[in-house]
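One structure is given below, encoded as structure tokens.
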Amino acid sequence: MIHVQKPGSDLPLTRARDFYQAAKWLLQNATAFGGGKFEIWRVEKRGRFVTAEREAEFETDVAFDAGLDLL
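Shown next as structure tokens:
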């Protein structure tokens, strides 16, 4: 499971199946959360153990063009 969240926050803004879906969500919704920095985490749960690994960090501008299409 992939989580998109703001740095320093334990609460994900959204969850996604894969990195592509998370990046697409970020392109469409970054301005709604004021732009700035976002992190994408890979979270795996096995039994009662949960591991989280940061996959990427993005910094966006508030004037970010949400109409941009992914190639």
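Residue numbering for the sequence shown follows our numbering, starting at 210 and increasing by one per position.
Note that the Cβ used here is the ideal one computed from N, Cα and C, for glycine as well.
Fair warning: this is a prediction, and the values are worked out from it, not measured in the lab.
For residue i, which of helix, strand or coil comes out of DSSP?
i, result
"A232", "helix"
"A241", "helix"
"K215", "coil"
"R224", "strand"
"R257", "coil"
If the criterion is Cβ atoms closer than 8 Å, does the pair residue i and residue j meet it?
i, j, result
"I211", "A241", "no"
"F247", "T223", "no"
"R251", "E266", "no"
"V259", "W234", "no"
Name the DSSP bridge partner or partners of residue i?
i, result
"E248", "Q214, E266"
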